[in-house]
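K.L.:
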Amino acid sequence: MIVDCNAHLGHWPFRDIANSAPEQFIALMDSRGITQAAVATFQSVVYADVHPANCWLMEAIAPFAERFLPQATINPAFPAWERDLETAIAAGFRGLRLYPNYHGYELSDDCMHDLLDAAGENRLPVTIHQRMFDERRHHPRCIVPAVELSAIGELATQYHDVSLLLCNCRPYQSEPIMEALSACANLHVDISVLEGVGRLETLIPQIGVHSIVFGSHAPYQYLDAALLKLRESCLSQTDMDAIVYGNAQRLFGSQTSEPV
Amino acid sequence: MIVDCHIHLYGEPDAVAASVERLLPYADRLDIAKLIVSLGHALCPKPDAARIATDTEYVVRAVECAPDRLEGLVYASPNHVDMSLKLMERHIASGPLKGVKLWICRKCSDPACDPIAAYAGELGVPILVHTWMKSTGNSPGESTSYDLLELATRHPQTAFVMAHSGGDWERGLRTVADQTNICADICGGDPEAGQTEYGVQWLGAERVLYGSDATGRSLASQLGKVIGASISDEDRRLVLGENAVRVFGL
Ligand SMILES: [Zn+2]
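Keeping their order, the protein sequence lines are chains U and H. For the first sequence, the positions run 0 to 259 when numbering that gives the first Met the number 0 is used. For the second sequence, the positions run 0 to 249 when numbering that gives the first Met the number 0 is used.
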C-alpha cells in the first residue's frame, strides 16, 4: 500500500502534462501500485478565484472517490475565502492546499493565522507547496520565487493541533526548516524533490521518520522518480511502511483504506 | 545494462576511494552497472591549468579504484588549451579515460574550444558539454544549446553530449534536433515528466542518454525520468545504457 501525498489533476498552463486527467492518473497509479493520492488541481495554482477549480476537482474524481484524498485549494489572501472553505468542507474535501507564492502572501501574514485557526477548528490538514517547479525553468515573464519558509517552525508550534505538510521542499537546504521538522510532530515533508545520493536514508535520523511522507508531485514529475528513491536508500521495513502509508494515514485521518 | 554518463564525486581530494565506496552500493541497488565520472573532488568553475590536471588525475584514481564500474573524462578548459590537450593525450590516447568534459569557464561556442573539439574528434571520443538556459540568468561562461550547436557544426567529426538537455529541455532538444553529432543527457533537473519522451521524439532514442548529475542529484530521481517514460522497451534500453556504450566506446 502506497499513499501519494503530492499530486495534481487538471490543466497546467505552462506545458502539456501527460496523465493529468483523473482516469489517466488512476491508470498510472494502478501501474505503479499507488493505493491513494492526495490531489488538488493545477489550475488552482494560477486562478485568482480558486473555487471553480475545487468544484471541477470534486466532479472529476467522483467516479474514483475511494482512490483520491481531495485537497481544496484555499487562497486566504482572497476576499471571502471563508466561504470557499465552508463549501469545501460541505463537499467532503479531506485537506487544504496552499500556494502562498502564486497567491501572493507570506506565511507570517495575518491571513495565514486565520486560515490555520479555521483548519484547526475543522480538523483539516494543510499542505503548503514551496514551489511548483524549478525557478530556472519558469516562463521568463512569470518567475515566481519559492515560498519563504523560515516562519514554519513558529506556525507549527503555535498551531500544534493542525497537521502540516511541506511539499516540493528540500528541507536540508535550510537549518530552520530542519529544526522545525525534528521539533514539531505535526510538521511533515514529502520526498518529491529530495536530491543527493541516498538522501532519504540520511534524512531519517536527522528529522525522524514520522516527519517524512511519500509524495511524487506526479503527474508534473515522473512518479517513478519518487518510487526509485525508496529503492536507492536502504530503508528498514518499519521506516518504509511509515513513509509510504503510515504517516499519510495519520496526516490525512484514519479513513484511508486498509493495507492491501 | 544501465550506464550513468554524468557523475561527479565529491569528497576529500586524497580520499577518492572513500567517495567511490560510498557511491557504489547505491548504484548497486538501482542496477546501475557503470558510472562515468567527471570534474574533481569539488566543483571548480574557473580552474587554472594545474587544477584541471589535478581534477583529471582525481578522476583517473577513481577509475582505478573500481575499473569494472567507473569510467572517466578529462576536465578540459578553453582557458588552458595546451594543458587540456596534454591531459587528453596522457589520459585518453595513452590512458583509461573515455572522453572530455567542458563546464562553465567559457562558452563552448568560443573558438578557443576548437583545438579541444578537433583533438577529441581525432581521438574518437565524445565531449560532454554543460548546457543550461535559465530564465533566472546564466552565469557568464555558461553555454546554451545554441552555443553547442555552433561548436558541433564546426566539428562534424566530433561527438558531443549536451548535458542536462539544455536545462530548458524543450528549447534545448529542439535546438540540436538536426545536428546528428549531438546527443543529449537527461540529467540534472527535477524529474519533470515528459522530458525523456521529448528527447526521443526530437532526437531519436539513439541520441538520448541516462545520466544523473549525482552525487549532487539523486541517482534515483534521474533514473525515474527514463524508467517512467512512455517509450518502447527497446528505446529504454538504448537510453539507459546502450547509447553510452556506443558513444563513449565502453
Ligand atoms: Zn555536471
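Ideal Cβ positions, reconstructed from N, Cα and C, are used throughout, including at glycine.
Per DSSP, what are the beta-bridge partners of U:Gln-172 in this structure?
P.N.:
Numbered from its first residue, the first sequence carries residue 172 of chain U at position 173. Bridge partners of U:Gln-172: none, in fact.
K.L.:
I need the straight-line Cα distance from U:Phe-77 to U:Ile-88, nearest angstrom please.
P.N.:
Within the first sequence, numbered from 1, the residue matching residue 77 of chain U stands at position 78. Within the first sequence, numbered from 1, the residue matching residue 88 of chain U stands at position 89. One C-alpha to the other measures close to 18 Å.
K.L.:
What does the alpha-carbon distance come out to for the pair U:Met-28 and H:Gly-120?
P.N.:
Position 29 of the first sequence, counting from 1, holds the residue named residue 28 of chain U. Position 121 of the second sequence, counting from 1, holds the residue named residue 120 of chain H. In a straight line, the C-alpha of U:Met-28 is about 46 Å away from that of H:Gly-120.
K.L.:
By Cβ distance below 8 Å, which residues in the same chain neighbour H:Arg-216 in space, the five residues on each side in sequence not counted?
P.N.:
Here residue 216 of chain H refers to the residue found at position 217 of the second sequence. Cys-186 and Gly-187.
K.L.:
Out of curiosity, what's the CA-to-CA distance linking U:Val-259 and U:Pro-69?
P.N.:
As a first step, residue 259 of chain U must be located in the first sequence, where it is residue number 260. As a first step, residue 69 of chain U must be located in the first sequence, where it is residue number 70. Bear in mind that a pLDDT of 40 at U:Val-259, under 50, signals an unreliable position, so the model cannot answer this.
K.L.:
For ligand 1, is there any heavy atom lying closer than 8 Å to the beta carbon of H:Ala-162?
P.N.:
Taking the first residue of the second sequence as 1, we reach residue 162 of chain H at position 163. It does: the Cβ of H:Ala-162 is within 8 Å (strictly closer) of some heavy atom of ligand 1.
K.L.:
Check the C-beta distance from H:Ile-51 over to H:Tyr-25 and give it rounded, since I have them as a contact under 8 Å.
P.N.:
As a position in the second sequence, residue 51 of chain H is number 52, starting the count at 1. As a position in the second sequence, residue 25 of chain H is number 26, starting the count at 1. Actually they are not in contact, since the Cβ atoms of H:Ile-51 and H:Tyr-25 sit about 28 Å apart, beyond 8 Å.
K.L.:
On the three-state DSSP scale, how would you describe H:Thr-130?
P.N.:
Taking the second sequence and counting its residues from 1, one reaches residue 130 of chain H at position 131. Of the three classes helix, strand and coil, the one that applies to H:Thr-130 here is coil, per DSSP.
K.L.:
Along the segment 125 to 136 of chain H, where does the CB come closer than 8 Å to a CB of chain U? Name the residues.
P.N.:
If the cut-off is 8 Å between Cβ atoms, the segment 125 to 136 of chain H has Trp-131, Lys-133, Ser-134 and Thr-135 near chain U.
K.L.:
By Cβ distance below 6 Å, which residues in the same chain neighbour U:His-50 in space, the five residues on each side in sequence not counted?
P.N.:
For the purposes of this step, residue 50 of chain U is identified with residue 51 of the first sequence, where counting begins at 1. Cβ within range, chain order: Asp-83.
K.L.:
Going by the C-beta, is H:His-40 closer than 8 Å to any heavy atom of ligand 1?
P.N.:
Numbered from its first residue, the second sequence carries residue 40 of chain H at position 41. It does not: the Cβ of H:His-40 is nowhere closer than 8 Å to a heavy atom of ligand 1.
K.L.:
Please list, in chain order, all residues of the same chain as H:Cys-18 whose beta carbon is under 6 Å from its beta carbon, the five residues on each side excluded.
P.N.:
Working through the second sequence from its first residue, we reach residue 18 of chain H at position 19. Here residue 18 of chain H is Ser; the residue named in the question, Cys, does not match the sequence. So the list reads Leu-8 and Gly-10, once near-sequence residues are dropped.
K.L.:
How do the segment 199 to 210 of chain H and the segment 226 to 233 of chain U stand: do at least 3 beta-carbon pairs fall below 8 Å, yes or no?
P.N.:
Judged by Cβ distances under 8 Å, the segment 199 to 210 of chain H makes no contact with the segment 226 to 233 of chain U, as fewer than three pairs qualify.
K.L.:
So does H:Leu-37 have its beta carbon nearer than 8 Å to some heavy atom of ligand 1?
P.N.:
For this step, residue 37 of chain H is matched to residue 38 along the second sequence. A quick correction: the sequence has Ser, not Leu, at residue 37 of chain H. Yes.
K.L.:
Taking the alpha-carbon of H:Leu-218 as reference, which of H:Leu-34, H:Gly-193, H:Met-0 and H:Leu-249 has the nearest alpha-carbon?
P.N.:
In the second sequence, counting from the first residue as 1, residue 218 of chain H sits at position 219. Per the Cα distances, H:Leu-34.
K.L.:
Is H:Lys-33 helix, strand or coil by DSSP?
P.N.:
Sequence index remark: in the second sequence, residue 33 of chain H carries index 34 (1-based). Three-state result, H:Lys-33: strand.
K.L.:
For H:Gln-178, report the span of its beta strand (DSSP E) as first-last.
P.N.:
Counting from 1 along the second sequence, the entry for residue 178 of chain H is found at position 179. Where H:Gln-178 is concerned, there is no enclosing beta strand (DSSP E), given that its DSSP letter is neither H nor E.
K.L.:
Taking only runs that begin and end inside the segment 87 to 152 of chain U, name each unbroken alpha helix (DSSP H) of 4 or more residues, in chain order.
P.N.:
Within the segment 87 to 152 of chain U, the complete alpha helix (DSSP H) runs of at least 4 residues are 99 to 102 and 109 to 120.
K.L.:
Which word fits U:Ile-127, buried or exposed, when buried means at least 16 other C-beta atoms lie within 10 angstroms of its C-beta?
P.N.:
Along the first sequence, one-based indexing puts residue 127 of chain U at 128. U:Ile-127 should be labelled buried.
K.L.:
For a cutoff of 9 Å on Cβ pairs, would you count H:Gly-46 as touching chain U?
P.N.:
Here residue 46 of chain H is taken as the residue at index 47 of the second sequence, counted from 1. Per the sequence presented here, residue 46 of chain H reads as Pro, with Gly not at that position. With 9 Å as the cut-off, H:Pro-46 does not count as an interface residue toward chain U.
K.L.:
Where does H:Pro-24 sit, in a helix, a strand or coil, going by DSSP?
P.N.:
Stepping through the second sequence from its first residue, residue 24 of chain H is reached at position 25. Helix at H:Pro-24.
K.L.:
So, at 6 Å on beta carbons, what are the nonlocal neighbours of U:Cys-233 in its own chain, with the 5 sequence-adjacent residues on each side left out?
P.N.:
Along the first sequence, read from residue 1 onward, the residue named residue 233 of chain U stands at position 234. The residues are Glu-200.
K.L.:
For U:Arg-249, decide whether its Cβ has a neighbour in chain H, counting only Cβ atoms nearer than 9 Å.
P.N.:
To locate residue 249 of chain U, count along the first sequence from 1; it is residue 250. No, U:Arg-249 does not count as interfacial toward chain H.
K.L.:
Could you give the distance in angstroms between the alpha-carbon of H:Arg-68 and the alpha-carbon of U:Met-57?
P.N.:
Taking the first residue of the second sequence as position 1, residue 68 of chain H is located at position 69. Taking the first residue of the first sequence as position 1, residue 57 of chain U is located at position 58. Rounded to whole angstroms, H:Arg-68 to U:Met-57 spans 50 Å at the Cα level.
K.L.:
Does any residue of chain H have a CB that is nearer than 9 Å to the CB of U:Arg-230?
P.N.:
On the first sequence, residue 230 of chain U is found 231 positions in, with the first residue counted as 1. At least one chain H Cβ lies under 9 Å of U:Arg-230.
K.L.:
Give the residues from the segment 126 to 152 of chain U that approach chain H closer than 8 Å (Cβ to any Cβ), ordered along the chain.
P.N.:
Hits within the stretch, in order: Phe-132, Asp-133, Glu-134, Arg-135, Arg-136, His-137, His-138, Pro-139 and Ile-142.
K.L.:
Shorter than 9 Å from the beta carbon of U:Val-196 to some beta carbon of chain H?
P.N.:
Sequence index remark: in the first sequence, residue 196 of chain U carries index 197 (1-based). U:Val-196 counts as touching chain H.
K.L.:
I'd like the list of long-range same chain contacts for U:Glu-257, defined as Cβ closer than 6 Å, with 5 residues on each side in sequence excluded.
P.N.:
Mapped onto the first sequence, residue 257 of chain U falls at position 258. Bear in mind that a pLDDT of 48 at U:Glu-257, under 50, signals an unreliable position, so the number given afterwards is only what the model happens to contain. Same-chain partners within the cutoff: there are none.
K.L.:
Between H:Ala-162 and H:Asp-146, how many whole angstroms is the CB-CB distance? I'm expecting something under 8 Å.
P.N.:
What you label residue 162 of chain H is simply residue 163 of the second sequence in a count that begins at 1. What you label residue 146 of chain H is simply residue 147 of the second sequence in a count that begins at 1. The Cβ separation is near 12 Å, so there is no contact.
K.L.:
Could you tell me whether the Cβ of U:Glu-257 comes closer than 9 Å to any Cβ of chain H?
P.N.:
Indexing the first sequence from 1 puts residue 257 of chain U at position 258. Unreliable placement is indicated for U:Glu-257, whose pLDDT of 48 sits below 50; no coordinate value is reported for it.
K.L.:
With burial defined as no fewer than 16 other Cβ atoms inside 10 Å of the residue's Cβ, what is the status of U:Met-131: buried or exposed?
P.N.:
As a working mapping, residue 131 of chain U is identified with position 132 in the first sequence. It is buried - the Cβ of U:Met-131 has at least 16 other Cβ atoms within 10 Å.
K.L.:
Which of helix, strand or coil does DSSP assign to U:Pro-258?
P.N.:
For the purposes of this step, residue 258 of chain U is identified with residue 259 of the first sequence, where counting begins at 1. Any answer about U:Pro-258 is weak, because its pLDDT of 44 lies below 50 and its placement is not dependable; what the coordinates show is given next. Note: U:Pro-258 maps to coil in three-state DSSP.
K.L.:
Which whole-angstrom value describes the C-beta separation of U:Met-0 and U:Thr-34, a residue pair presumed to lie in contact below a C-beta threshold of 8 Å?
P.N.:
Here the question's residue 0 of chain U lines up with position 1 in the first sequence. Here the question's residue 34 of chain U lines up with position 35 in the first sequence. About 5 Å; that satisfies the 8 Å criterion.
K.L.:
Roughly how many angstroms separate the alpha carbons of H:Thr-179 and H:Phe-159, rounded to a whole number?
P.N.:
Taking the second sequence and counting its residues from 1, the one referred to as residue 179 of chain H is at position 180. Taking the second sequence and counting its residues from 1, the one referred to as residue 159 of chain H is at position 160. One C-alpha to the other measures close to 9 Å.
K.L.:
Alpha carbon to alpha carbon, what distance is there between U:Leu-165 and U:Thr-255?
P.N.:
As a working mapping, residue 255 of chain U is identified with position 256 in the first sequence. As a working mapping, residue 165 of chain U is identified with position 166 in the first sequence. Unreliable positioning characterises U:Thr-255 in this predicted model, as indicated by a pLDDT of 48, which lies under 50. The coordinate reading is nonetheless provided below. Spanning the two alpha carbons is a distance of roughly 20 Å.
K.L.:
Smallest Cα separation from U:Pro-12: which of U:Ser-43, U:Glu-105, U:Asn-5 and U:Val-212?
P.N.:
Taking the first sequence and counting its residues from 1, one reaches residue 12 of chain U at position 13. Measuring from the Cα of U:Pro-12, the nearest candidate turns out to be U:Ser-43.
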